[in-house]
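Asker:
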Amino acid sequence: MPSKVDSEASAAERVDPGISRGDVDGFQLGGRIWGSRLIVGTGGFRSLEAMERALVASGAEIVTVALRRVDPLARGSALEVIDGLGLFALPNTAGCYTARDAVRTAQLAREAFETDWIKLEVIGDDRTLFPDAVELLDAAQQLIDEGFTVLPYTNDDPILARRLQDAGCAAVMPLGSPIGSGMGIRNPYNIQIIVESASVPVVLDAGIGTPSDAALAMELGCNGVLLSSSVARAKDPERMARAMRQAVEAGYAARRAGRIPRKLHAEGSTPDQGLPDLG
Amino acid sequence: MPDDTKRPSEQRDDVVVPLKRSRSPDGGVEAPDAVVVGGGAIGLACAWRAARRGVRVRVLERDHPGAGASHVAAGMLAPVSEASWGEEALMRLALASAGAWPGFAAELAEDSQLEVGYEPCGALHVALDRDESEELRRRFELMGSLDLGVEWLRPRACRDLEPGLVPACAAGVHAPGEAAVDPGLLLPALTAAVERCGGQVLVEAEVTDILTDDGRLTGVITGDGREHRAEHVVLASGAWSGASPWLPPLARPPVRPVKGQILTLRGNPDQPVCRRIVASERVYLVPRPDGRLIVGATVEERGFDIQVTAGGVLELLREAYRALPDVSELELVETVAGLRPGTPDNAPLVGPGALDGLVLATGHYRNGILLTPISAEAVAALLAQDPLPPEAEVAHPGRFAGESAPGLVAAPTIEDARE
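Just so you know, the sequences run in chain order A and B. Residue 1 is where the first sequence starts when you use my numbering, and the numbers rise one by one after that. Residue 280 is where the second sequence starts when you use my numbering, and the numbers rise one by one after that.
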């Protein structure tokens, strides 16, 4: 749980539960304050150069790296680009199907990346890449016991999200739709329920196809967005990364600004007093 | 360059006479004009094309010709499958090289007096489900904008072309102009052609140090202590180019190893499971006339690791089976892993290096065999002081000069390579 900025946040907390988790001035995640609410994955880029330009344009400070796909000791690869840009490489457990596998991968990642942060992914099958809820919770509990800062990729299931939070995860990261599908947020109501009942940051992870999806996530009250394919596989990844950055900023600002209610009938915005009476 | 250099047209009659030039006491030609470090497809082709222009060349291969990525390559000459947004200049280079292949192969057959293994078989790029179909459609639009001579096919038309395709096949793009070459034949042909055109190929000759004169590279020294003085040193050592400990760090090009695993299956040559290259989003299958079927390839950033893994083989076989179920009947004859030379922008490095006298011919990533003719032509032109083909501009190493881009300066060391 964040604590340092709680006092600053208390006023906002009373007004809007969406910004109640201590992130009025910055994005608080894992006990650190980040300037960017956009987290970008590093898989799927056509070239290292394309990745580098997109990461810069995204403004992201945290980027995820799959331990299974990158040898952290191999030089001249993605990790060197990330280090060169001064970004935080957050290892993930992509490709793990069991708690045992994920825990072991996280332990290897801790050694290799010299961080106890882990983006926890435990996948049910390779067709949907949906999380396996049972294995995920098991892995999260084990890793928290071992002192990891656990950021779990989870279903858009409010109960599972709460269980992960109660287990001590540093955030919950529900999917909008399947990884790489670009289908956006298929169940915004569930995301809203997760946000309402969360006491840790909520990061929308997976399914973002286009910037309006990212903006919607922030408008729903998410504290951040994690995306990868929508940038990496865009025709122009650099430009798309910039657009995503702007969308996350816009969605966050809109959430704080407070939208008007939806109404069935029109309500004129032009004042009708003081007009000449031509009758 | 000596003034008596013969141009290819005048040279045609005598190229079949091996080693006609004057010999030094050790049996080699006298000091060559160029030393090529690396005897893979690129290095040997550079040497051959340069020799045809009258340049005296010596190839130094630390193992045997083609021991690196060349012998792992499937030999696909399929620029369409590599079409990608933001890489249009690279695409033009690939298309120019694909266009040069038939002539290159014919001349190579003539100069080497050997079979080259060039097969203009065409390719069918297939989508195996709805999602892959969406992706293929998107790429097809790009191919159309690049004028690649491709045709969109419905499932039935795909299976008319390749009856072995899985019935679930959702769509395809036919690229009749694509081809394949068998590196198992190409490499011996290139080696023979270099020698028959008057060049030398030294095997088990590992470069350990350089010779310089007033800041200019004037040759290299091999492990046996022998000095090889030359006007130009061509670096063509593939994935190991960036890890050349004998080069000053700033002259090492930004090349990293990218691992690929590949399989060879074998069946009855009279009943092939496919007649043309079949490529899906995740796998490609290249048939050879003798009944072999090459299945490739994984793309892994694992440093200099070349282990064949169960997971890699499983993935390739599963995806091959998904496209052409008949592969399950074939014999699995070989599994092998190699290292592609990757660059930050996926384009090769062909042209002057960061040291006077150094010429780069490396960084060809997934397209070494495809880009062999145009790379060799560019290097040969450079060595003979002729104009370079205009498409080669995208490969100019100067695009990384002075850039302290991450991953570029601290190239891997040889210690990494030997782990």
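Backbone N, C-alpha and C fix where the C-beta goes; we use that ideal spot for every residue, glycine too.
Which residues in chain B have a C-beta closer than 8 Å to the C-beta of A/Asp-281? List them in chain order.
Answerer: Since the first residue of chain A shown is 1 and the last is 279, residue 281 of chain A is not available in this structure.
Asker: Go ahead and pull the three-state DSSP assignment for A/Tyr-97.
Answerer: Three-state DSSP puts A/Tyr-97 in coil, outside helix and strand.
Asker: Are there three or more Cβ pairs, one per stretch, closer than 8 Å when the region 547-556 of chain B is compared with the region 526-535 of chain B?
Answerer: No: the two stretches stay apart, fewer than three of their Cβ pairs being nearer than 8 Å.
Asker: Taking the continuous alpha helix (DSSP H) assigned at B/Ile-321, which residues delimit it?
Answerer: Here the alpha helix (DSSP H) through B/Ile-321 covers 320-331.
Asker: Which whole-angstrom value is the C-beta distance of B/Glu-670 and B/Leu-372, which I expect to be below 8 Å?
Answerer: Indeed they touch by this definition, with Cβ atoms about 5 Å apart.
Asker: By the criterion of Cβ-Cβ separation under 8 Å, what are the contact partners of B/Glu-361 in chain A?
Answerer: What B/Glu-361 touches in chain A: nothing, since even the nearest Cβ is about 10 Å away.
Asker: Quick one: grab the DSSP three-state call for A/Gly-268.
Answerer: Reduced to three states, the DSSP call for A/Gly-268 is coil.
Asker: Skipping 5 residues on each side, what residues in its chain have a beta carbon closer than 7 Å to that of A/Asn-187?
Answerer: Hits under 7 Å: Asp-156.
Asker: Alpha carbons only, please: which of B/Leu-618, B/Glu-598 and B/Arg-567 is nearest the one belonging to B/Ile-585?
Answerer: The option with the nearest alpha carbon to B/Ile-585 is B/Leu-618.
Asker: Whole angstroms is fine: what's the gap from B/Ala-346's alpha carbon to A/Ile-82's?
Answerer: Distance between the alpha carbons of B/Ala-346 and A/Ile-82: 33 Å.
Asker: Where does B/Gly-306 sit, in a helix, a strand or coil, going by DSSP?
Answerer: Confidence in B/Gly-306 is poor, its pLDDT being 43 and thus under 50, which makes the residue's placement too unreliable to answer from.
Asker: Threshold first: 4 residues or longer. Then list the alpha helix (DSSP H) segments lying entirely within the region 320-400 of chain B, N to C.
Answerer: Listed in chain order, the complete alpha helix (DSSP H) runs (minimum 4 residues) inside the region 320-400 of chain B are 320-331 and 367-391.
Asker: Which chain A residues are close to B/Asp-624, counting only those with a beta carbon under 7 Å from its beta carbon?
Answerer: The answer, in chain order, is Ser-47 and Glu-49.
Asker: According to the Cβ coordinates, are B/Pro-627 and B/Ala-674 closer than 8 Å?
Answerer: Yes, the pair counts as a contact, with Cβ atoms nearer than the cut-off.
Asker: To be precise: take each residue of the region 565-581 of chain B, compare its Cβ to all Cβ atoms of chain A, and keep it if any distance is under 8 Å. Which residues remain?
Answerer: The residues in question are Glu-579, Glu-580 and Arg-581.
Asker: So what does DSSP say about A/Glu-135, is it helix, strand or coil?
Answerer: DSSP places A/Glu-135 in helix when its eight states are reduced to three.
Asker: Using beta carbons (cut-off 8 Å, strictly below), is B/Arg-535 in contact with chain A?
Answerer: So, interface residue.
Asker: Given this structure, state the Cα-to-Cα distance separating A/Asn-92 from B/Thr-491, to the nearest angstrom.
Answerer: Spanning the two alpha carbons is a distance of roughly 47 Å.
Asker: Hey, would you say B/Tyr-397 sits closer than 8 Å to B/Ala-384, going by beta carbons?
Answerer: Cβ atoms of B/Tyr-397 and B/Ala-384: closer than 8 Å.
Asker: Rounded C-beta distance between A/Leu-38 and A/Ala-57? I'm assuming under 8 Å.
Answerer: A/Leu-38 to A/Ala-57, Cβ: 11 Å. No contact.
Asker: Are any of the Cβ atoms in chain A nearer than 8 Å to that of B/Arg-302?
Answerer: Note that B/Arg-302 scores 40 on pLDDT, short of 50, meaning its location in the model is unreliable; the coordinates nonetheless yield the value given after this. No, B/Arg-302 does not count as interfacial toward chain A.
Asker: Counting contacts by CB-CB distance shorter than 8 Å, is A/Ser-77 in contact with chain B?
Answerer: At least one chain B Cβ lies under 8 Å of A/Ser-77.
Asker: Look up A/Phe-130 in the DSSP assignment and say whether it is helix, strand or coil.
Answerer: Reduced to three states, the DSSP call for A/Phe-130 is coil.
Asker: Along the chain, where does the beta strand (DSSP E) containing B/Ala-402 start, and where does it finish?
Answerer: Start and end: 402-406.
Asker: On the criterion of 16 or more Cβ atoms from any shown chain inside 10 Å, does A/Trp-34 qualify as buried, or is it exposed?
Answerer: Buried.
Asker: Please report the residue range of the beta strand (DSSP E) in which B/Pro-620 lies.
Answerer: Unbroken beta strand (DSSP E) run through B/Pro-620: 610-621.
Asker: Under a three-way DSSP split, which group does A/Met-173 fall into?
Answerer: Three-state DSSP puts A/Met-173 in a strand.
Asker: To which residues of the same chain is B/Thr-487 closer than 7 Å at the C-beta, ignoring the five residues directly before and after it?
Answerer: Cβ within range, chain order: Ile-500, Thr-501, Gly-502 and Trp-525.
Asker: Measure the beta-carbon distance from B/Gly-647 to B/Ala-352 and round it to whole angstroms, keeping in mind my assumption that it falls under 8 Å.
Answerer: B/Gly-647 to B/Ala-352, Cβ: 6 Å. Contact.
Asker: Please report the distance separating the alpha-carbon of A/Ser-199 from that of A/Pro-211.
Answerer: Distance between the alpha carbons of A/Ser-199 and A/Pro-211 is about 26 Å.
Asker: Do B/Leu-634 and B/Pro-462 count as a contact pair if the criterion is CB distance below 8 Å?
Answerer: Contact: no.
Asker: Under the DSSP definition of a beta bridge, which residues are partnered with B/Leu-593?
Answerer: Paired residues: none, contrary to the question.
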